[in-house]
Amino acid sequence: MGAVILGTGSCLPDRVLSNHDLEKIVETSDEWIRTRTGIKTRRISGKGEEAYRLATVAGQRAMEMAGVTAEEIDLIVVATISSHMLMPSCACFVQKELGAVKAFAFDINAACSGFLFGLDMVDKYLRADREKKILLIGAETLSSHTDWEDRNTCILFGDGAGAVVMGYRDEARGVVASNLFSDGNLWSLLCMHAAPSCNPDLNPPQHPGTHILMEGREVFKYAVKAMEGAVLDLLAREKVDLDTIGLMIPHQANIRILNKLVSRLGLPAEKVFINVQKYGNTSAASIPIALDEASREGRLKPDDLLLVCSFGGGFTWGAALVRW
50 MGAVILGTGS
60 CLPDRVLSNH
70 DLEKIVETSD
80 EWIRTRTGIK
90 TRRISGKGEE
100 AYRLATVAGQ
110 RAMEMAGVTA
120 EEIDLIVVAT
130 ISSHMLMPSC
140 ACFVQKELGA
150 VKAFAFDINA
160 ACSGFLFGLD
170 MVDKYLRADR
180 EKKILLIGAE
190 TLSSHTDWED
200 RNTCILFGDG
210 AGAVVMGYRD
220 EARGVVASNL
230 FSDGNLWSLL
240 CMHAAPSCNP
250 DLNPPQHPGT
260 HILMEGREVF
270 KYAVKAMEGA
280 VLDLLAREKV
290 DLDTIGLMIP
300 HQANIRILNK
310 LVSRLGLPAE
320 KVFINVQKYG
330 NTSAASIPIA
340 LDEASREGRL
350 KPDDLLLVCS
360 FGGGFTWGAA
370 LVRW
């Protein structure tokens, strides 16, 4: 009994940026990118495709699947690090666009783990108030924070949004448990500075800009180990055998991280959903986009045990189990 996913939805920008397109922007090649990341294309927002607009469409599609109207939504939570404004929140813009007049709304910032952290929080909200209907969204326009002259990062990121509608059900399904972690000591390995401050005393020395900064090799090392540990610890705590997992949806960071994680866990490839080749790393939108695709493709059957895990800037990481 607990927080059940009633519907899923996603939205991707129209523009497709291929590896061959990137060859014209930075010194790289399609083969180099595919070999190191597994990514072939990613989506890039254009005019009228701000994070809140992508989030709104994803939310509408999730509500349609769930059979829930905007007036029935009590809470909107958006996980994002790339809202087009600092204030109001991306979630408040979504609330306005949907006409969700009853809902209160706010954003959460846990980078690539944002949707996973939100899933745990929504589960607790619904256990406290079983009448609520909650819209949880991961939405990013990382193209607005990408250094297009840095071939080590610009090849990785894309834009998009994914959403779920959640409610409480007295059934043997829903969120089973979560296992979440953070380590602020390692922030500098994967970070993104705010815009220069109006108070010069609060600016870092030699402000590096507002694009994503990443020490790729160090992040890789921590990411695999952290997600593996979070998954195994969660399975042990809940007394769940890995063989009983119906499907795993990991954060779609890059194929090397995914392959290493899957290998260390010993999961067969058919039990892992991967779409990083199409969309790249969409941060907080990564898991809900993949979840929507997996759901609509029939990869999840009733009573399947779904495993999700993620790793992102902060550092933040974790894993969760959901009975479908």
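As numbered in this note's numbering, residues 50 to 373 make up the sequence shown, in order.
All C-beta atoms in this analysis are idealised placements derived from N, C-alpha and C, irrespective of residue type, glycine included.
Given the structure is predicted, the values throughout are model-derived calculations rather than measurements.
Where K173 is concerned, the enclosing alpha helix (DSSP H) starts and stops at 163-177. Taking the CA atoms as reference points, R348 sits about 23 Å from E277. Comparing alpha-carbon positions, the option among L281, R218, T202 lying closest to R179 turns out to be R218. The bridge partners DSSP lists for I157 are A128. Each of T365, R222, G361, H133 was checked against the Cα of K96, and the nearest Cα belongs to H133. With contacts defined as CB atoms closer than 8 Å, T57 and D341 qualify as a contacting pair.
At least 8 Å separates the beta-carbon of I183 from that of A149.
The Cβ atoms of C141 and A100 do not sit closer than 8 Å to each other. For T365, DSSP records a beta bridge to S231, G361. Looking at the backbone, the Cα of D353 and that of M170 are separated by about 22 Å. For M114, no beta strand (DSSP E) segment is defined; the enclosing uninterrupted segment is the alpha helix (DSSP H) at 100-115.
Between the alpha carbons of K327 and E98 lies a distance of about 18 Å. Annotated as proximal: C358 and A368, with beta-carbon spacing under 8 Å. Look at I82 here: in three-state DSSP terms it is helix. When DSSP reads this structure, L354 sits in a beta bridge with R372. Counted as a single uninterrupted DSSP element, the stretch harbouring S59 is not any alpha helix (DSSP H) but the beta strand (DSSP E) occupying residues 51-60. In the DSSP assignment, L66 forms a beta bridge with R91. A Cβ-Cβ distance of about 5 Å is found for the pair G108 and A212, placing them in contact under the 8 Å criterion. Annotation note: the stretch 249-290 contains the following uninterrupted alpha helix (DSSP H) runs of length 4 or greater, listed N- to C-terminal: 265-286. For R200 against V75, the beta-carbon gap comes to about 4 Å, under 8 Å, which counts as contact. Of the candidates R91, L61, R85, the residue whose Cα lies closest to the Cα of V106 is L61. Taking all protein chains shown into account, P351 has fewer than 16 neighbouring C-beta atoms within 10 Å of its C-beta and is therefore exposed. In the structure shown, L340 adopts helical secondary structure according to DSSP, grouped into three states. Between V214 and V117 the beta-carbon gap is near 5 Å, inside 8 Å, which marks them as a contact.
Setting aside the 5 residues that flank it on each side, G167 is surrounded in the same chain by V126, A128, I157, L185, each with a C-beta closer than 6 Å to its C-beta; the list follows chain order. In the DSSP assignment, the residues bridged to I186 are V127, A212. For C141, the enclosing alpha helix (DSSP H) stretches over residues 139-147. In the three-state reduction of the DSSP assignment, R348 falls in the coil class, being assigned neither a helical nor a strand state. In this structure, DSSP gives A226 an extended state, which the three-state scheme calls strand. Under the three-state reduction of DSSP, L296 is assigned to strand.
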